[in-house]
Each structure stands twice: as structure tokens, then as C-alpha cells.
Amino acid sequence: MFKLLPALFNDFGLSADIALVIFGAALLHAIMTAPRGIAGQLQSAFSRRQA
137 MFKLLPALFN DFGLSADIAL VIFGAALLHA IMTAPRGIAG QLQSAFSRRQ A
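In the working numbering, the protein residues as written are 137 to 187.
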């Protein structure tokens, strides 16, 4: 994924740096919308999986 998106953007004539911007925006969205943060989301996912 790390190398795939920049390569696809280059094929479409876009800057490969856009992939970094998109990843950063997605990370900020995940942090801001989760009340317990990413660690809380992972903990909930693992506890549901074990039950």
C-alpha cells in the first residue's frame, strides 16, 4: 500500500506526495473522531474478537 498508491498517482499524472497527504488526513480523522483514540479502537476490536 505504501508504494502502490504513489505509483498509481504517478500513472494518473498526479504528485506522489498526495498519497502522504491523504494518509495524514485519514489518520487525523481517526484520532479526532475516536473518543479513546486508536489504542481504544484496537482494544475494542480485540476484545470483541476474543468473546
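Where is the CB? At the ideal position from N, CA and C, for every residue including glycine.
In the DSSP assignment, find the unbroken alpha helix (DSSP H) run with Pro-142 in it and report its ends. 140-147
The alpha helix (DSSP H) with Leu-163 in it runs from where to where? 153-169
What is the residue span of the alpha helix (DSSP H) that Leu-178 lies within? 173-186
Does Ala-162 pass the burial test, meaning 16 or more other C-beta atoms within 10 Å, or should it be called exposed? exposed
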